[in-house]
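**Q** First, the structure itself, so that you have it in front of you.
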Amino acid sequence: MDPPVAMDKAVDPSVATDAGAAPPAAPMPADAAAAAARKPANTAATDADHQGDGRARASRVKRLPWNPDVRIEDYRPEHPVEWAVTRSQQRLSENGDIPYGALMNALRQREAMIEAQHGVARRSAARTNGASHRTSASAGVGGLGRYAWTWLGPGNVGGRIRSIVIHPDEPNRMWVGSVSGGLWFSENAGGRWDPVDDFLPNLAITCMVMDPRKSKVMYAGTGEGVFFLVNDGSSNTAAMRGAGIFRSTDGGKTWAQLESTAGPEWHAVARIAISPRKRKTILAANSTGIYRSTDGGSSWTRTFDQRTLDVDFHPTDGNLAVAGRADNVAMYSTDGGVTWTNATGITGGTRVELAYAPTNPDWVYACVSGTNQTLRVWRSTDGGRTYSLRTSGNGFSTLAIYDNALWVDPTNAELIVIGGLDLHRSTNGGVSFTTISQWNQAPRSAHADQHVIVQHPDFDGVNNTTVYFGNDGGIYRADNVYTVQGTNGWQELNNNLGITQFYGAAANADSGVVIAGAQDNGTQLFTGDTEAWRAVIGGDGTYCAADPTDPNYLYGSTQRLNILRSTNGGNSFSGITGGPNPLADRGGLDTNFIPVWGLDPNNENVMYATAARLWRTTNVKNAQPNWFAIKPALNDCPIRPGPPPGQDHYLDNNPCNISTFAVADGDSNVIWVGHNRGDLYVTRNALEQNPVWTRVDTNEPRLPKRWVASIAIDPYHHDRVYVAYMGYEEDNVWRTEDGGQSWQLIVGEGESRLPAAPVTSILIYPTAPGHLYVGTDVGVFASVDDGASWSTSNDGPSSVGVDQLLWKGGCGLLAVTHGRGVFEADICGPCGRIDEMSVRCKRSRVTAKVSSQLPQYDELTFSLDAQPGQRRSIDENGVAKITFRNVAPGTHTVCIDECPALCRKAECE
């Protein structure tokens, strides 16, 4: 969840509202020249504060990472559960399920494409400085070679962390697990983070554990299942689907899936525990129960068959264990997890988090999420068999089972810390608490929604009192857990931790500014520094827009169409969907949780927004824009009134709502819209007061009845349109040449076929129609033959889901990811056509060699150790080479100045 930001109520009256000139035509990549010949056819509390007073922190509004330049005047709530519902619903097949193993199958298809097209399997090799080093591969098509991508960040915002592991003997070595950004490693106690492997088969890391007696062995559980009752074949599936448990046997450098956890019962692993006596005895809690292994995870036996979210062994006795469920039940085992018995005493709750008191393990604490979205504490003094309530009153604010963290001081059984929205410390075993964090002051205080608490390995309560906290804003540290409070004593550690879950973005090509909307972390602004993204709007960010002619005009939003505008380059924002003619569908079930909206490509004064109806304003720069519906709502979609009996599913987005739209570049009369259930409409007189809409998805061959994710209209031929669909299916990209009268599937064949994964976004290269780019749940793919074949790059922007692709100027392709921030590819420049670079040192000479697909006589600039570079030409074989002489002993770095991501090191003796 997350933060807010002040909305300036004033609008700059000095800014003109007339339309500006169209942006200049973009240059084209070298391999697009032939296609360019076509012409356009048509254009802080004390203990007493919470002791028995019955009050709870119920406010769900928060402020994004603290920014002294932005005045806080307005607050927006965020909704992680609705996030989960939306992402699940978008990916359903036509029969309402998500086939188990679909994500893993799609990743395997991607891997097979890379191996077949480039002659090499992409597999992790040794990790250098925390980052994966991979084998070479030839450049991808459309300028998407392995060095084309540059990560823009954010490195200072973070995202949802549910697991932290610290090496017991080398406490500077740390790992964190992101729910959609994978595993990250730091070798300097959080001073810098690097991804362990951006191409792990699953990036939804929810729990980790290190073997206490063999630290090279680690386990990571995948799949965030706290939201739903996860039943295979139903819509109640984890929002970030997992793939069982992964194990490392080399200290976290490389990871492999345990084949024993590849089945459908393993797609949401919540907790893993290792026996204190027998290192190969492991318990795992997941969406279908508790599993026990006695051979280090090679095989498992299910010992309990209901959804379980927590399991833990006794600190010293491997026969004793406790487990917490999602239905207000704690359990205990006296035979090492072979059998389980329900404990007594806990009432009126849902999720149960448990923790032994290390200095007195007969004491077991239970932090219980109440049905009224609060936390309360129970304690057992008989090893977890019976519990008694410790916390009086209504407890502390939480989001049901979403955020619930518990820590017991390893030196003092009476001192505990619990976390929901905020963090709270008790020195009397949970009877009374002091609130020690303020979510609305992040990052000066801990970010909101706590998920994991871990102490430093050397914690002794005197000389070392350091504790780490994982939450929706990444990882934070308190150097003194006994005194930290409010904004005093907190340290945010999101240093290069690129795990932000973005939905959409926009960019101004002239200023280079990028504005992007994120789940849990609002709307963020990038001005050039990956470590200095700035929060400008709170709540859950969604889509964004940027005026192409005036960098002062930026647009962001919160969930359900609360669109805001800045007239001063992002320093302040004000709402634009109210006024005398408001956007009436906003805010309720008549709009999707994350609705699509944006500017008309032909007129920066015109904006469209999708809801049950399609809305338009022609004066978006006015103080109060006037909104009018130009497409009526569908009326044959009954929405499910609530969760099915016995299930905790929230309301779906109305299937009749509009899911996406596109306006033809050159003719604003031509607009296409898609709906959540797959309906597809087009109008050719959109500028009229009452446009005529024609349905085109029922023409032969009939199009999929799934979520329409993206539409792209050929700027040179407006009857040529591309439509992308969600769902783990093989028919997700279609083309029409005749305005929707007929359709052709364009996903390729054989080794050049797109993986069967949701296609979230489709783009046409502006000056080379037929050159296509798609974002999917497994990365970015390109085609230079109008979809007849597809390719991806060996080191594309990770296997993370890409929620949006967009252009930044003529050559900058932005990939907006849901878990790894924002990437940019310069598809016109040389980086996308470099295959490999090698650097070696011999006899005080450092030699660097680049192999490429660049034309002869092109030049590259080589720089040694950040000194002024030297230019070398490409020869007839696509090779450039340089030798630096009289180099001193030590480690030296050679970089290609034209490609910031391309550097290699060599050791000189």
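Residue numbers (this note's numbering): 232 to 1140. Just so it is clear, CB atoms sit at the ideal spot from N, CA and C, and this is done for glycine as well. These figures come from a predicted structure and were not determined experimentally.
(1) What are the start and end residues of the alpha helix (DSSP H) that includes residue 313?
(2) If you run the structure through DSSP and keep just helix, strand and coil, what is residue 1228?
(3) Under 8 Å between the Cβ atoms of residue 599 and residue 587?
(4) Taking residue 836 as part of the beta strand (DSSP E), name the residues at either end of that continuous run.
(5) Where does residue 632 sit, in a helix, a strand or coil, going by DSSP?
(6) Would you grab the beta carbon distance between residue 964 and residue 953 for me? Rounded to a whole angstrom, and I think it's under 8 Å.
(7) Mark residue 1088 as exposed unless 16 or more other C-beta atoms lie within 10 angstroms of its C-beta, in which case mark it buried.
(8) Check this for me: beta carbons of residue 758 and residue 345, under 8 Å apart or not?
(9) Checking the sheet assignment: what are the DSSP bridge partners for residue 906?
(10) By a C-beta neighbour count over all protein chains shown, 10 Å radius and 16 as the cutoff for buried, is residue 1102 buried or exposed?
(11) Nearest-angstrom Cα distance between residue 1029 and residue 1009?
(12) Can you check DSSP and say which residues form a bridge with residue 913?
(13) At which residue ranges does the stretch 518 to 565 contain complete beta strand (DSSP E) runs of 3 or more residues, listed in the order of the chain?
(14) Can you give me the Cβ contacts of residue 987 inside the same chain, cut-off strictly under 8 Å, excluding the 5 residues immediately before and after it?
(15) Using the DSSP secondary-structure output, state which residues sit across from residue 1070 in a beta bridge.
(16) For residue 681, report the span of its beta strand (DSSP E) as first-last.
(17) Would you list the one or two residues that DSSP bridges to residue 1115?
(18) On a Cα-Cα basis, can you pick out the residue from 518, 478, 483 and 1057 that is closest to residue 511?
(19) Would you mind giving the Cβ-Cβ distance between residue 735 and residue 720, rounded to the nearest angstrom? I have them listed as a contact below 8 Å.
(20) Identify the residues that DSSP records as bridge partners of residue 749: which are they?
(21) Excluding sequence positions up to five away, which residues of its chain have a Cβ less than 8 Å from the Cβ of residue 711?
(22) Looking only at its own chain, which residues have a Cβ that is under 7 Å from the Cβ of residue 1129, when we skip the five neighbours before and after it?
(23) Can you give the beta carbon distance from residue 492 to residue 520, rounded, assuming they're within the 8 Å contact cut?
(24) Going by C-alpha distance, which of 529, 634, 518 and 527 is nearest residue 538?
(25) Using the DSSP secondary-structure output, state which residues sit across from residue 1013 in a beta bridge.
(26) Compute the distance between the beta-carbons of residue 687 and residue 397, then report whether it is under 8 Å.
(27) My understanding is that residue 190 touches residue 985, with C-beta atoms under 8 Å, so please give their C-beta distance in whole angstroms.
(28) Beta strand (DSSP E) containing residue 654: first to last residue?
(29) Could you tell me how far apart the beta carbons of residue 456 and residue 504 are, in whole angstroms, since I believe they sit closer than 8 Å?
(30) Let me confirm a value: residue 387 is counted as buried when at least 16 other C-beta atoms fall within 10 Å, else exposed. Which label applies?
(31) So, does the stretch 611 to 619 touch the stretch 665 to 681, judging by three or more C-beta pairs under 8 Å?
(32) Can you name, in chain order, every residue of its own chain whose Cβ lies under 6 Å from the Cβ of residue 1104, other than the five neighbours on each side?
(33) Would you list the one or two residues that DSSP bridges to residue 345?
(34) Whole-angstrom Cβ separation of residue 563 and residue 597, contact assumed at under 8 Å?
(35) Residues in the same chain with beta-carbon distance under 8 Å from residue 818, minus the five sequence neighbours each way, listed in chain order, please.
(36) Look up residue 600 in the DSSP assignment and say whether it is helix, strand or coil.
**A** Taking the structure as given:
(1) Residues 311 to 321.
(2) As shown, the chain starts at 232 and ends at 1140. That puts residue 1228 outside it, with no answer to give.
(3) No, the Cβ-Cβ distance between residue 599 and residue 587 is not below 8 Å.
(4) Per DSSP, the continuous beta strand (DSSP E) segment holding residue 836 begins and ends at 834 to 841.
(5) Coil, per DSSP.
(6) Here residue 964 really is in contact with residue 953; their C-beta atoms are around 7 Å apart, less than 8 Å.
(7) Exposed: under 16 other Cβ atoms inside 10 Å.
(8) The beta carbons of residue 758 and residue 345 sit no closer together than 8 Å.
(9) Partner(s): 889.
(10) Residue 1102 comes out exposed.
(11) Approximately 8 Å between the Cα atoms of the pair.
(12) For residue 913, the beta-bridge partners assigned by DSSP are 903 and 925.
(13) You should have 520 to 524, 532 to 535, 539 to 544, 552 to 556 and 561 to 564.
(14) Within the same chain, residue 987 has close Cβ partners 333, 336, 337, 340, 959, 960, 961 and 963.
(15) Under DSSP, residue 1070 forms a beta bridge with 1079.
(16) 681 to 686 is the extent of the beta strand (DSSP E) around residue 681.
(17) The partner list for residue 1115 (beta bridge, DSSP) reads 1077.
(18) The residue with the shortest Cα to Cα distance from residue 511 is 478.
(19) Contact doesn't hold; Cβ gap of about 36 Å is too wide.
(20) Bridge partners of residue 749: 733 and 753.
(21) Taken in chain order, the residues that qualify are 696, 697 and 720.
(22) Within its own chain, the residues whose Cβ lies closer than 7 Å to the Cβ of residue 1129, once the five positions on either side in sequence are excluded, are 1060, 1061, 1062, 1091 and 1092, listed in chain order.
(23) Going by Cβ atoms, the distance from residue 492 to residue 520 rounds to 13 Å, so no, they are not a contact pair.
(24) When only C-alpha atoms are compared, the closest one is 518.
(25) Residue 1013 pairs with 1004 and 1022.
(26) Note that the C-beta distance between residue 687 and residue 397 is below 8 Å.
(27) Absent from the structure is residue 190, since the part of the chain shown begins at 232 and ends at 1140.
(28) Residue 654 -> beta strand (DSSP E) spans 654 to 657.
(29) No, residue 456 and residue 504 are not in contact; Cβ-Cβ is about 17 Å, not under 8 Å.
(30) By the 10 Å Cβ count, residue 387 comes out buried.
(31) Judged by Cβ distances under 8 Å, the stretch 611 to 619 makes no contact with the stretch 665 to 681, as fewer than three pairs qualify.
(32) Within the same chain, and ignoring the five residues on either side of residue 1104 in sequence, the residues whose Cβ sits closer than 6 Å to its Cβ are 1088 and 1090.
(33) Note: residue 345 sits in no beta bridge, so no partner.
(34) With 8 Å as the limit, residue 563 and residue 597 do not qualify as a contact, their Cβ atoms being about 11 Å apart.
(35) So the list reads 791, 792 and 793, once near-sequence residues are dropped.
(36) Three-state DSSP puts residue 600 in a strand.
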